[in-house]
Every structure is written in C-alpha cells, then in structure tokens.
Amino acid sequence: MSYKVSVIIPVYGAEKYIERCARSLFGQTLREVEYIFVDDCTTDRSMDVLRRVMADYPQRQPDIRLLRTPKNSGQALARRIGMKAAKGEYMIHCDPDDWVDACYYESLYIRASEAQADICQGAIIYHNVDSSFRRPCQHYSGPGMKAMLEGKYYWSLCMQLVRLSLVERYCIYPFEGINSGEDVNVVMRAYAVADKVTSVEDDTVCYHYDLTNPQSITKSRHSEMLERYFIPNALKLDDFFSAYGNEGREVVLSYKARAKGALLYNRETRDIDRWYSVWPEVTGYYQRHPEIYGKLSRIVPIAAHCHLLLKLYFKYIDLKS
C-alpha cells in the first residue's frame, strides 16, 4: 500500500496509557496510514498491551510495524529510528500516553494536500487531572521561516504533519542525546526549510495531550532540564540557524526565551538566580515582543540590570496572589 501518513510512536513506560492511544490511532478515518511503534526497551508491559489491542484490529495489522532500539536511549533515538523507517508521503508523531480524534490525520492530510504545503499544523487539547485547555491552530499560510518570526507555530511534533521528503532531503532528525525538546529542534529546522506551511481550519479536531502521567519527562525539574537538554539544544540550534543571519538569530532567541521562561514566571519552577545568568542576550527579545510577554516585556529589561529588583517584583506578585 502507498501510505499518505506515517505515525511514529516512541514507547517507554506507557503501560497504563497505550491502549487508549493505540485504539485512537487504529480507529482513524484515514485508511492509508502506517503506524510505527518504537520500543525504547521499555521495562513494563506496554508492548504486551499494544499487541493485545492490535488483535482487535486485524484490518490494521498489515500497516503496523514494531521496532526496537538497541538499548534504552530516550526519545531522540526512538523518534529518529521511526522517522528513518517511515514510508508515507507525510509523517507525524504521537506520544503513547496521548490520543487523537478519529479524523485528526485525515483533516491534516486533506488540508496539506489542498494547500500543497510542506507542513500542516493541527489543534491540541491539554488534559490535566481536573481541567483541560484547548490550544487552537495558529492560522497561517506561507513560508515557514516567516511563520516562526511571527510566532505562528507550535513546537510539538505531534501537532505537525511534515512532508517526509523534506525531512530526508535536509536530514531533519532529532539531535542525538537531546531527549527533551527533541521535537522542538526538529520542528524549528523543518519550518526553516519549508516553502509553505498551513493549518487545518477546524480547531475542534484535536490531538489530546495527557499532562497526568507522572513518568513524563516534562515532569522533571525545569532547572535540571535546562542544564541537561535545553542549553545543549540551543547550541546546536545556534549552529544551524547561523546560516540564516538576523532572522535565524531572532528565531533562536525565541527558543531561548521560552526555554528559560519557566525559571521566571512559573512559581513551581522559579529560579531567578539561574534565569538571570543564562542567555542574557534574551532580554531584548522580551522587550521586542510585548504581544507575547505582556508585563514581562516592560519589567524584564529593567530588572535584567538589577537582580534584586527582579526578586522583589516576584516576591510582591506571589504575596499578592
């Protein structure tokens, strides 16, 4: 079969969630889809559960491939293995603790084909224990670099249907060893080389992101993630985007601003001393983008020159709230 979409699913520690994920994938309205599950040497029963679910979808079994990493290596290698095995016209990722609406991939594919786009973006809903939050598409159609400069994109690979030939031509695979933010570096490089990106028009058809999994790597302390993954990621992105001049530098600054932002404005992860010392060049980016950072765009440029003022400001905000 000639596949329209390849879905890549890295699997580790997802025993409690993978049945829901797999059923949502195998129930897709788009027929020409292949599913590539990459077992990152998971130590639980995730793969056993997956095989049991597969038995309920005999019509899908020819379209399912089960791959395995040589040893537990993290999401970057698992995604890379899946991407290199993909055969579809487009590829997209799905995490094993998440799920998708039944027509999600069909909606993305139809829109990408109609627009003759290299990348098509979908909508997402974030689910917490007692609440959910819908993030609609950044409705835009045009060059990928311009979309990044205007903030008209999201970082998640699970929301981005990407033309496989684009990935192969420019070798846009996750950076080795970057196991958090690995999707960011793929999305940013793909947008940089994409002639045209677009989005689906129906924001009610969504990818569902589960925030309740305590094993998720995103639950780790932000300061630890910054040192282990985000700073090395930024160095590699600096190298890649150096060829794009001022536009490239602005795009990487947007990554740095968001990557260290939680050290400042999330009370649970706040570390003002660390925020103050890492990537001081980001200060000007906050100031240039008041539409994104609001009050921070006025406070940060001043506070960046006065460490104590920044601490006092957030102490005041915390007491007030």
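Mapping to this note's numbering: the sequence shown position 175 is 996, numbers consecutive.
Beta carbons are placed, not taken as given, at the ideal position from N, Cα and C, and that holds for glycine.
- Pairing Leu982 with Ile940 gives a Cβ-Cβ distance under 9 Å.
- Three or more Cβ pairs drawn from the region 1070-1078 and the region 965-980 lie within less than 8 Å of each other, which places the two stretches in contact.
- For Tyr974, the closest alpha carbon among the candidates Tyr925, Ser845, Glu997, Lys1017 is that of Lys1017.
- Under DSSP, the beta-bridge partners assigned to Gly963 are Val1018.
- Excluding its 5 nearest sequence neighbours in each direction, Phe847 has C-beta neighbours in its own chain below 6 Å: Tyr878, Arg881, listed in chain order.
- When rounded, the separation of the alpha-carbon atoms in Arg990 and Asp951 is 43 Å.
- With a cutoff of 9 Å on beta-carbon distance, Ala944 and Asp865 are scored as not near each other.
- The three-state secondary structure of His914, taken from DSSP, is strand.
- Check the Cα spacing between Thr850 and each of Ala1083, Lys825, Val859: the tightest is with Lys825.
- Rounded to whole angstroms, the gap between the alpha carbons of Cys979 and Arg1095 is 30 Å.
- Short of 8 Å from the beta carbon of Pro964, and not among the five residues preceding or following it, lie these beta carbons of its own chain, in chain order: Ala1015, Asp1016, Lys1017, Val1018.
- Contact between the region 890-898 and the region 953-963 is absent: fewer than three C-beta pairs spanning the two stretches fall below 8 Å.
- Around the C-beta of Cys1027, 16 or more other C-beta atoms lie within 10 Å, and the residue is accordingly described as buried.
- Shortest Cα-Cα distance from Asp1059 to any of Ala1013, His914, Glu1022, Ala938 involves Ala1013.
- Taking 8 Å as the upper bound for CB-CB distance, Cys862 and Arg900 are not in contact here, some 15 Å apart.
- Ranked by Cα distance from Pro831, the options Leu1084, Ile1052, Ile946, Glu1003 are led by Glu1003.
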